[in-house]
Amino acid sequence: MLAVCLQTLRDHVAIRVARTSSTHSIPLSPRISAGKGGAVAELFGKVLNRGSSATFHVIPSALHFVHVNYHRWEYLSYNPHFYDIPQSFRIVTFSVKPLMRLLKVENGGNFSLVEYTGKNFPRYAILSHTWGPDNEEVTFDDLKGNKAAHKAGYDKIRFCGKEAARNDLQYFWVDSCCIDKSNSTELSEAINSMFRWYQRASRCYVYLSDVSESFDGDGRSSQGWELAFRRSRWFTRGWTLQELLAPSSVQFFSKEGKLLGSKQSLEQTIHEITGIEVAALRGTLLSEFGVDERLMWAAGRATKVEEDTIYSLLGLFDIHMPLIYGEGQPNALRRLRKEIEEARSDADTPSHQNWANNHREGIIQKIREWLSAPDPSTNYQKALEQRQDDTGLWFLESDQYNTWKTGAASFLWLHGIPGCGKTVLSSTVLQNLIQHCRNHPGRAHAYFYFDFNDMNKQNPELMLRSLISQLSQQCTRAPTSLDRLFSSCNGGQRQPLSHALEEVLQQMIQELPHVYILLDALDECDERTKLMDMLESIATWQLQNLHVLLTSRRERDIESSLEVFVDGQNSICLDSKLVDEDIQRYVRQRLSDDRSLKKWQKDPAVVQEIENTLMKGAHGMFRWAACQLDTLGKCRNRATLRKSLATLPPTLDKTYERILCAISQEDSQYAIRILQWLAFSARPLSADEIAEAIAIDIGRESAFDSEEVLEDPLEALNICSSLVSLTTAQRDSPSGPTKKVLALAHYSVKEYIVSDRIQQGLAARYGIQEDFSQEILAQKCLGYLLHFRGPRLLSEETVKDFKFAKYSADNWIYHAKNAKEGSKNICQATIDLFSETDSYLNWLRLYNPEYPWKRTDFSQSLESVPGPLYYASYLGLEQVVCRFLDSQTYIDVGSGTYCNTLQVASRGGPEAVVKLLLEKGTNVNAKGGRQLHVEDMRQL
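Under UniProt numbering, the residues of the sequence shown are numbered 1 to 940, in order.
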């Protein structure tokens with residue numbers, strides 16, 4: 001039994017817990033009434049043995065109920081006749097549901113308050129703002145008493161209601177007037193629920209009362225608001241931190257109600273102002289960031305009430321705790337840290353569990369490195385950046401999508417013409433799925449974007465690896481099946497077979513209650529037959545907890561494969577009837593927000609003419625509309641604008657032809673080089689890498705000329721216009737800078753420049769062939785590496801000055817193997833590299849052919865690496881091996897994994913190389929790992 005003594009003073013409440021003899025004294029806030037169970041109840045909630053009955057001695061008996069936590073109340077019944085002796089109380093537990101009031105937009109523009117409890121909330125918008133003087137803000141009592149309209153703060157409510165109606169939202173929430181702050185219990189509940197309320201909102205409107213959109217002399221909107229935006233008081237207030245991070249859709253408005261941008265479009269600026277990681281702004285789970293890092297985001301922010309600097313952070317840590325106004329900020333912070341630690345300890349037993357978790361993380365990290373799975377999040381973020389607000393909602397709200405989410409063993413296929421917005425729509429779906437799975441341990445998601453721009457995202461086996469890697473991070477422990485596979489491959493010393501990966505994926509899915517998988521752009525996979533077989537195999541598992549969504553063009557081989565396990569009702573064609581409304585939103589947004597197009601805003605008739613013309617020609621193609629808008633943005637006057645509108649190319653091919661023909665003679669050679677690299681690079685190239693790559697000309701004695709490197713790498717965008725896009729990729733390391741990656745803007749661009757169609761038109765000079773291009777690119781990589789001949793050994797420091805070095809070292813082999821077989825030029829360039837000892841050592845310091853997933857190692861010396869014949873044999877470079885053997889200067893020794901050239905050739909190279917070595921009399925029993933099967937080798 002726990003004895004508690006309570007004494008009511010004039011302005012304080014003191015509580016003594018008998019078994020600890022400690023006293024807690026707190027001042028009463030005007031908003032808290034001891035008689036209503038306020039501050040006293042809060043402390044009872046901390047000292048009670050929750051959920052059990054107990055007896056208390058209370059003097060006097062002013063308290064009638066206490067708030068134990070935010071889902072349970074304790075009612076104290078007592079005998080009121082015994083005032084002279086301590087009274088015994090019995091605790092009765094009952095549950096209540098959180099109360100949320102919403103403002104409803106009525107006909108005629110009026111608002112009414114509607115109460116909701118539980119989870120069945122309608123879609124609503126939410127306001128984020130900074131408070132003015134208290135007497136100017138509209139309160140709950142003002143709304144109830146019809147006294148709101150005369151207050152200055154009512155303008156913000158009208159603004160929020162107007163924007164909500166514009167976005168087809170009938171309900172909205174404003175903190176100043178939707179909470180009865182005279183009720184301390186309701187206030188406490190609201191503060192603990194507020195993060196979730198913002199998180200659930202369909203839209204969050206940030207009203208910046210100190211930011212004004214300025215206009216220039218011609219009445220056009222200028223960017224003068226940017227400085228005021230950076231200095232806005234909104235970024236200095238405590239409560240606005242969670243209002244920035246919790247909602248997925250945040251829009252910023254000037255005091256005139258003009259849209260300035262969104263969290264998405266302004267993320268870099270917001271990152272610079274707040275110091276908050278871009279990943280957090282994009283919706284990464286806040287639990288992925290450290291406690292101290294999250295606290296640092298709040299450093300320097302202020303609130304009107306001292307304790308609110310801490311209470312405003314509860315949602316960032318998913319913590320619920322009683323509010324004790326008057327305890328002071330240090331005590332509140334101390335309680336918050338204690339709650340965080342307790343939350344951790346609830347999930348973990350002390351030291352052993354911590355060790356187990358660290359061990360698990362270490363094992364999973366090793367396995368992830370071994371899997372070498374491509375990261376599809378870059379594609380997701382790029383597509384998300386291209387998405388305009390409110391597009392794709394028609395699909396999220398459709399019966400077919402919601403049936404797919406809840407149905408057993410469900411498959412859904414979205415298909416459409418090139419450029420209709422499939423990938424952007426898939427990012428909208430993925431964002432919804434991430435929200436659907438968030439904070440639900442029983443739900444997991446994984447996704448993959450097949451990508452013509454990235455060799456590592458064109459292979460179905462690499463898709464399997466990525467799905468497995470993603471799901472492993474969402475498991476509470478290292479998956480047994482994955483751990484077993486890792487062990488069976490000698491702890492990661494060799495790679496697993498494809499069917500073994502399929503088995504692991506199946507077993508991992510079976511261990512999770514619900515798994516959602518999204519696969520985008522199946523048509524961009526370079527092994528379609530293998531992929532289709534893999535998907536059919538997955539379908540035959542008949543896993544009731546699995547939900548798979550696929551997107552692609554409607555091509556016959558894909559359709560005939562999918563129709564085996566995807567019902568016709570689960571096949572959705574994204575025709576113009578479905579996507580035209582989204583294209584119209586996109587066009588309007590670009591005309592409103594794009595700097596190059598905003599100049600036409602002063603004439604609504606011109607804006608309407610642009611919109612009407614584009615909608616007439618789009619025919620369901622986002623990509624076509626985007627390219628035309630890029631072109632129209634370059635028009636300087638109405639004459640050129642109307643000429644462009646009158647001569648819009650009818651197809652994507654004609655659009656690309658017009659763009660290429662507009663490139664200047666001076667830039668054309670660079671444009672060809674850029675397009676060639678982006679069309680056939682082994683992986684996405686950064687802007688810095690492209691800036692150096694286009695300075696390589698194999699026709700020169702020294703292929704690389706540093707004088708030809710682009711001073712501004714982003715000039716590549718200006719050279720190639722709408723054919724090339726820029727996106728931000730993840731850092732190579734946690735402390736490294738973010739990378740700006742260049743890529744062909746759309747799959748249809750590559751299809752056009754490698755097709756016969758371009759050869760028949762005005763842009764024929766820009767046509768490229770794959771086998772010829774691969775040969776050129778291999779020679780360029782080798783030529784770049786040979787730039788470091790002589791005493792130019794690269795180090796960990798100097799390599800930073802040569803942006804293209806790592807790509808060249810990693811990928812010249814890839815380009816060589818994809819070039820036309822038997823290229824004498826590649827053979828000679830390879831021999832040149834292997835003959836230059838410094839260049840050869842530089843290559844092996846940057847890249848390990850036997851263990852390509854390993855990091856660079858600048859401690860390597862010529863004595864510690866195998867000789868050229870070893871790697872020529874391992875890589876299967878038959879012509880090079882032949883040249884080495886004919887020269888009779890090679891030595892049949894090595895220090896690699898397989899120790900001699902014959903052994904390494906038999907494990908890594910083709911049969912032809914093994915035969916060649918045997919014919920030349922290579923010693924079968926040379927110093928090496930284990931003796932080869934001689935007779936088997938002789939029979940090759």
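From the three backbone atoms N, C-alpha and C, an ideal C-beta is built for every residue, glycine too.
*Rounded to whole angstroms, what's the CA-CA distance from Arg233 to Ala816? Just pull it up for me.*
For the purposes of this step, residue 233 is taken as the residue at position 233 of the sequence shown. For the purposes of this step, residue 816 is taken as the residue at position 816 of the sequence shown. If I take the Cα positions, the gap works out to 58 Å.
*Closest Cα partner of Ile364 within the set Lys258, Pro479, Arg282, Gln400*: Taking the sequence shown and counting its residues from 1, the one referred to as residue 364 is at position 364. It is Pro479 whose Cα lies nearest to the Cα of Ile364.
*Starting from Ser668, trace the alpha helix (DSSP H) both ways and give me its first and last residue.*
Position 668 of the sequence shown holds residue 668. First-last of the alpha helix (DSSP H) with Ser668: 665 to 680.
*In whole angstroms, what is the alpha-carbon distance linking Leu518 and Asp653?*
For this step, residue 518 is matched to residue 518 along the sequence shown. For this step, residue 653 is matched to residue 653 along the sequence shown. Roughly 30 Å between the two C-alpha positions.
*Would you list the one or two residues that DSSP bridges to Leu241?*
Here the question's residue 241 lines up with position 241 in the sequence shown. According to DSSP, Leu241 bridges with nothing at all.
*Measure from the alpha carbon of Glu397 to the alpha carbon of each residue in Leu578, Phe253, Leu675, Ala446, then state which is nearest.*
For the purposes of this step, residue 397 is taken as the residue at position 397 of the sequence shown. With distances taken between Cα atoms, Glu397 lies closest to Leu578.
*Going along the chain, which residues of its own chain have a beta-carbon closer than 6 Å to the beta-carbon of Gln473, five neighbours each way excluded?*
The count along the sequence shown starts at 1 and reaches residue 473 at position 473. So no residue of the chain qualifies.
*Report back the beta-carbon spacing between Phe172 and Leu102 to the nearest angstrom; my notes put them in contact at under 8 Å.*
Within the sequence shown, numbered from 1, the residue matching residue 172 stands at position 172. Within the sequence shown, numbered from 1, the residue matching residue 102 stands at position 102. Sure, about 7 Å apart at Cβ, within 8 Å.
*Would you list the one or two residues that DSSP bridges to Gly261?*
Here residue 261 refers to the residue found at position 261 when the sequence shown is read from its first residue. Looking at the DSSP assignment, Gly261 forms a beta bridge with Phe252.
*Between which two residues does the beta strand (DSSP E) carrying Cys573 extend?*
The residue you call residue 573 lines up with position 573 of the sequence shown. Cys573 -> beta strand (DSSP E) spans 571 to 573.
*Going by other Cβ atoms of all chains shown within 10 Å of its Cβ, with 16 needed for buried, is Cys661 buried or exposed?*
Here residue 661 corresponds to residue number 661 of the sequence shown, with the count starting at 1. It counts as exposed.
*asked:* Short of 6 Å in beta carbon distance, which residues of its chain neighbour Gln506, apart from the five on each side in sequence? Order them along the chain.
replied: Indexing the sequence shown from 1 puts residue 506 at position 506. Here the set comprises Trp541.
*Confirm, please, whether the CB-CB distance from Phe411 to Val515 is below 9 Å.*
Working through the sequence shown from its first residue, we reach residue 515 at position 515. Working through the sequence shown from its first residue, we reach residue 411 at position 411. Not closer than 9 Å, so no.
*Nearest CA to the CA of Arg595: which residue from Gly633, Asp575, Glu226, Gln628?*
Along the sequence shown, read from residue 1 onward, the residue named residue 595 stands at position 595. Arg595 has its Cα closest to that of Gly633, out of Gly633, Asp575, Glu226, Gln628.
*Comparing the CB of Arg230 with every heavy atom of the ligand MN, is any distance shorter than 8 Å?*
The model depicted lacks the ligand MN and carries no ligand whatsoever.
*Pull up the distance between the alpha-carbon of Gln329 and that of Phe252, whole angstroms please.*
For the purposes of this step, residue 329 is identified with residue 329 of the sequence shown, where counting begins at 1. For the purposes of this step, residue 252 is identified with residue 252 of the sequence shown, where counting begins at 1. Looking at the two C-alpha atoms, the distance is approximately 30 Å.
*Distance between Ile719 and Glu701 (C-alpha atoms, nearest Å)*: Locating residue 701 in the sequence shown gives position 701, where the first residue counts as 1. Locating residue 719 in the sequence shown gives position 719, where the first residue counts as 1. C-alpha separation (whole angstroms): 27 Å.
*With distances taken between CB atoms, is the gap from Ala626 to Tyr586 smaller than 9 Å?*
In the sequence shown, counting from the first residue as 1, residue 626 sits at position 626. In the sequence shown, counting from the first residue as 1, residue 586 sits at position 586. Cβ atoms of Ala626 and Tyr586: closer than 9 Å.
*Using 10 angstroms around the beta-carbon of Glu666, count the other beta-carbons present and answer buried if the total reaches 16, otherwise exposed.*
Taking the first residue of the sequence shown as position 1, residue 666 is located at position 666. Classification for Glu666: exposed.
*Can you tell me whether Thr423 is buried or exposed, with buried defined as 16 or more other CB within 10 angstroms of its CB?*
Residue mapping note: residue 423 aligns to position 423 of the sequence shown, counting from 1. With 16 or more other Cβ atoms within 10 Å, it is buried.
*Could you pull out every unbroken alpha helix (DSSP H) segment of at least 4 residues lying fully inside the stretch 370 to 400, listed in chain order?*
377 to 386, 393 to 396
*Per DSSP, which residues does Gln126 bridge with? Please list them.*
Position 126 of the sequence shown, counting from 1, holds the residue named residue 126. Reading the sequence as shown, one finds Ile at residue 126 and not Gln. BP columns for Ile126 point to Trp173, Cys204.
*What is the residue span of the alpha helix (DSSP H) that Ala605 lies within?*
If you number the sequence shown from 1, residue 605 lands on position 605. Here the alpha helix (DSSP H) through Ala605 covers 604 to 618.
*With DSSP collapsed to three states, give me the class of Met321.*
To locate residue 321, count along the sequence shown from 1; it is residue 321. Coil, per DSSP.
*Can you give the Cα-Cα distance for Pro496 and Asp210, rounded to whole angstroms?*
Residue 496 sits at position 496 when you count from the first residue of the sequence shown. Residue 210 sits at position 210 when you count from the first residue of the sequence shown. Whole-angstrom Cα-Cα distance: 59 Å.
*Less than 9 Å separating the beta-carbons of Glu527 and Asn459?*
The residue given as residue 527 occupies position 527 in the sequence shown. The residue given as residue 459 occupies position 459 in the sequence shown. It is a contact, given that the beta carbons lie within the stated cut-off.
*Go ahead and label Trp600 buried or exposed: buried means 16 or more other beta carbons lie within 10 angstroms of its beta carbon, across all protein chains shown.*
Walking along the sequence shown from the start, residue 600 turns up at place 600. So Trp600 counts as buried.
*asked:* Closest to Ala152 by C-alpha separation, out of Trp131, Pro122, Tyr449, would be which residue?
replied: Working through the sequence shown from its first residue, we reach residue 152 at position 152. Of the candidates Trp131, Pro122, Tyr449, the one whose C-alpha sits nearest the C-alpha of Ala152 is Trp131.
*asked:* Let me check understanding here. Comparing Cα to Cα, which of Tyr325, Gly326, Pro713, His320 lies closest to Glu341?
replied: Working through the sequence shown from its first residue, we reach residue 341 at position 341. Comparing Cα positions, the closest option is His320.
*May I ask you to report which of helix, strand or coil DSSP gives Lys104?*
What you label residue 104 is simply residue 104 of the sequence shown in a count that begins at 1. Three-state DSSP puts Lys104 in a strand.
*Using 10 angstroms around the beta-carbon of Leu227, count the other beta-carbons present and answer buried if the total reaches 16, otherwise exposed.*
Walking along the sequence shown from the start, residue 227 turns up at place 227. Leu227 comes out exposed.
_Which same chain residues end up closer than 8 Å to Pro122 when comparing Cβ atoms and leaving out the 5 residues on each side of it in sequence?_
For the purposes of this step, residue 122 is taken as residue 122 along the sequence shown, with counting starting at 1. Cβ neighbours of Pro122 beyond the five flanking positions: Leu102, Tyr116, Gln170, Tyr171.
*Any idea which residues DSSP pairs Ala302 with across the strands?*
Start at 1 with the first residue of the sequence shown, and residue 302 comes out as number 302. Partner(s): Arg237.
*Counting along the chain, where does the alpha helix (DSSP H) carrying Leu518 start and finish?*
For the purposes of this step, residue 518 is taken as residue 518 along the sequence shown, with counting starting at 1. Unbroken run through Leu518 is the beta strand (DSSP E), 514 to 520; no alpha helix (DSSP H).
*Sequence-distant residues of the same chain with beta carbon closer than 6 Å to Tyr847, five excluded per side*: Your numbering for residue 847 matches position 847 in the sequence shown. Contacts found: Ala809, Asp810.
*Can you tell me the Cα-Cα spacing of Val504 and Leu485, whole angstroms?*
Taking the first residue of the sequence shown as position 1, residue 504 is located at position 504. Taking the first residue of the sequence shown as position 1, residue 485 is located at position 485. If I take the Cα positions, the gap works out to 8 Å.
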